[in-house]
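In the numbering used here, the protein residues as written are 683 to 1035.
Backbone N, C-alpha and C define an ideal beta-carbon position, used for all residues, glycine too.
To start, the structure itself, in structure tokens.
Right, here's the structure in full:
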């Protein structure tokens, strides 16, 4: 039973390890259960738990973690939130769904089992039968059912849909905590969301300039959610995270779910580092290699004309006056993105509250 003393993640991973999900399936069949007079809980799927207050609220919040199984700090933070809500020590004021995404990868402490789960959304899983593809379908369905359960019109502002896909990065970074703002298809950027991220300790925003197959883009595009891929620090194994480094994120996420409304600092965005994606460099041949050391930090800067990578006997150069590198990975399969570059962005004319 979803009891007050349950360690939700431990309970879920124990089933994933044994491949016996009978306990979860029993809970899923029960549907909504009363936790207390103010809150109900439902197990939506394996590793997917949902809370709804008995009194109406205006926010629908999805927190996803563990899309990459070795990114453990957000997993631990989300598990603590779930356990505190179950125990009654944290009040949940809004509709909330928490998703522990890639359970099989968590068990082996790896980024993924067969394919990067964060490249399989918006239908990119179609025609594939491996575990990550199956999980992408499950997560998409859970997110769709959650958001579509309540009427919504983005322009009215009467309800707010949020999806924070929480990660940690595999390499060091000149900006340790940053977020990717998915392509908006003409919708303005939100000051309140940038202020929320700033309160999480995120001081850097990447503005995506095109559709992608990431989870946050799926929620943003399909459901007009305020969605982000949020990088909260560096990858560490379970139990080895210095949670003092994640205190701001933990406190702000706790406030998000437990307070009916929060006043954000409207001009917080002015103090943030804002970048837009300039080059998307895909690996086209097996001989693709980066022009810099493997331990080079995210957001390292390079001048116009400097090589970023080499492939098929040719250099891939910096095109702008200065570009910064993000997510370099020469080991991806041919055809996948091996590197992003970013340049400074101005969003002052593209903001709303």
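How about residue i and residue j: are their beta carbons less than 9 Å apart?
{"i": "residue 726", "j": "residue 847", "result": "no"}
{"i": "residue 777", "j": "residue 831", "result": "yes"}
{"i": "residue 1020", "j": "residue 980", "result": "no"}
{"i": "residue 855", "j": "residue 913", "result": "yes"}
{"i": "residue 902", "j": "residue 866", "result": "yes"}
{"i": "residue 934", "j": "residue 881", "result": "yes"}
{"i": "residue 744", "j": "residue 697", "result": "no"}
{"i": "residue 886", "j": "residue 898", "result": "no"}
{"i": "residue 968", "j": "residue 849", "result": "no"}
{"i": "residue 888", "j": "residue 962", "result": "no"}
{"i": "residue 794", "j": "residue 814", "result": "yes"}
{"i": "residue 1013", "j": "residue 985", "result": "no"}
{"i": "residue 824", "j": "residue 864", "result": "no"}
{"i": "residue 997", "j": "residue 989", "result": "yes"}
{"i": "residue 978", "j": "residue 1000", "result": "no"}
Report, in whole angstroms, the separation of the C-beta atoms of residue i and residue j, which I expect to be a contact under 8 Å.
{"i": "residue 678", "j": "residue 958", "result": "Residue 678 lies beyond the stretch modelled for the chain, which goes from 683 to 1035, so this question has no answer here."}
{"i": "residue 736", "j": "residue 719", "result": "7 Å"}
{"i": "residue 708", "j": "residue 803", "result": "With a Cβ gap of about 29 Å, residue 708 and residue 803 do not count as contacting."}
{"i": "residue 799", "j": "residue 764", "result": "Actually they do not touch by this definition, with Cβ atoms about 20 Å apart."}
{"i": "residue 842", "j": "residue 740", "result": "6 Å"}
{"i": "residue 758", "j": "residue 923", "result": "6 Å"}
{"i": "residue 686", "j": "residue 805", "result": "At roughly 40 Å, the Cβ-Cβ gap does not stay under 8 Å, so residue 686 and residue 805 are not in contact."}
{"i": "residue 761", "j": "residue 691", "result": "4 Å"}
Please report the residue range of the beta strand (DSSP E) in which residue i lies.
{"i": "residue 1005", "result": "1004-1008"}
{"i": "residue 741", "result": "741-747"}
Going by alpha carbons, who is nearest to residue i out of the options?
{"i": "residue 919", "options": "852, 1014 and 1012", "result": "852"}
{"i": "residue 1033", "options": "909, 876 and 688", "result": "876"}
{"i": "residue 952", "options": "1004, 1016, 1031 and 966", "result": "1031"}
{"i": "residue 797", "options": "781, 817, 780 and 694", "result": "817"}
{"i": "residue 955", "options": "879, 894 and 917", "result": "879"}
{"i": "residue 947", "options": "1035, 711 and 695", "result": "1035"}
{"i": "residue 751", "options": "1010, 692 and 917", "result": "917"}
{"i": "residue 712", "options": "1027, 724, 703 and 809", "result": "724"}
{"i": "residue 971", "options": "992, 695, 987 and 704", "result": "992"}
Assuming residue i is part of the alpha helix (DSSP H), what are its boundary residues?
{"i": "residue 933", "result": "929-940"}
{"i": "residue 826", "result": "813-830"}
{"i": "residue 697", "result": "690-700"}
{"i": "residue 711", "result": "704-712"}
{"i": "residue 847", "result": "Residue 847 -> not in any alpha helix (DSSP H); beta strand (DSSP E) instead, spanning 842-851."}
{"i": "residue 997", "result": "It is not in any alpha helix (DSSP H) - residue 997 instead sits in the beta strand (DSSP E) that spans 996-999."}
Would you say residue i reaches chain C, if we count a Cβ-Cβ gap shorter than 9 Å as a contact?
{"i": "residue 983", "result": "Included in the structure is just one protein chain, with no chain C present."}
Jot down the residue ranges of each uninterrupted beta strand (DSSP E) in the region 853-908, minimum 3 residues, whole runs only, in chain order. As far as the region 853-908 is concerned, its whole beta strand (DSSP E) runs of at least 3 residues are 860-863 and 886-889.
Contained alpha helix (DSSP H) runs [length at least 4] in the region 716-770, N- to C-terminal order: Qualifying alpha helix (DSSP H) stretches, in chain order: 754-769.
Please list the segments of the beta strand (DSSP E) lying wholly inside the region 937-975, counting only runs of 3 or more residues, in order along the chain. Secondary structure within the region 937-975: the beta strand (DSSP E) runs of 3 or more consecutive residues, fully enclosed, are 955-964 (chain order).
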